[in-house]
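K.L.:
This is the structure I want to talk about, given as structure tokens.
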Amino acid sequence: MRARWIGGPDITLNLEDREQGNRTETLEARMPEWKKPVVRMHIVDYIEKTIPFEEPGFHIDTVPKDASPENIERYDIYLSREVWKSLTNPTGNPIVEGGYFVSRCLFDRTEIKFFAV
41 MRARWIGGPD ITLNLEDREQ GNRTETLEAR MPEWKKPVVR MHIVDYIEKT IPFEEPGFHI
101 DTVPKDASPE NIERYDIYLS REVWKSLTNP TGNPIVEGGY FVSRCLFDRT EIKFFAV
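Residues in the sequence shown are numbered consecutively from 41, following this note's numbering.
This is the structure in structure tokens:
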């Protein structure tokens, strides 16, 4: 898993990440920006809390809460199993087109991409 800040968290996944996510239900990476925050992606059965403009099956929290992006130490991203399966098993060519999920959030947007490489 690679994570960067491009107007919000921008995450790229590959085949190894899909296998690990299916097995452990948690992925982790460190962003190169600012304080090098950790990004943890949790694959869960159900998303209990969401903010009104977040897409169904997605939620993001930060540590510390309500900090500016430069001061965040950790992002916790929650994806439902349904969203995870849709993202990592795209209907088109998984190498060329890949899977794509985007949601509005507190940070403008969060983008998650998957390529079968």
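Every residue, glycine too, gets a C-beta built ideally from N, C-alpha and C.
Taking the CB atoms as reference points, tell me whether P72 and R44 lie closer together than 8 Å.
P.N.:
On the sequence shown, position 32 is the one that residue 72 refers to. On the sequence shown, position 4 is the one that residue 44 refers to. A contact, by the Cβ cut-off of 8 Å.
K.L.:
Starting from T52 and walking both ways along the beta strand (DSSP E), at which residues does that stretch end?
P.N.:
Within the sequence shown, residue 52 is the residue found at index 12, counting from 1. Its beta strand (DSSP E) spans residues 49-53.
K.L.:
Who pairs with K153 in a beta bridge, going by DSSP?
P.N.:
The residue given as residue 153 occupies position 113 in the sequence shown. Its beta-bridge partners are T52, Y140.
K.L.:
Can you give me the Cβ contacts of P104 inside the same chain, cut-off strictly under 8 Å, excluding the 5 residues immediately before and after it?
P.N.:
By 1-based counting over the sequence shown, the position of residue 104 is 64. Excluding sequence neighbours, P104 sits near N111, I112, E113.
K.L.:
Buried or exposed for G32, please, with buried defined as at least 16 other CB atoms from any protein chain shown within 10 angstroms of its CB.
P.N.:
Nothing can be reported for residue 32, as the shown portion of the chain is limited to 41 through 157.
K.L.:
Take the Cβ of F98 as the centre, count every other Cβ of all protein chains shown within 10 Å, and call the residue buried at 16 or more, exposed below.
P.N.:
Counted from its first residue, the sequence shown places residue 98 at position 58. Result: buried.
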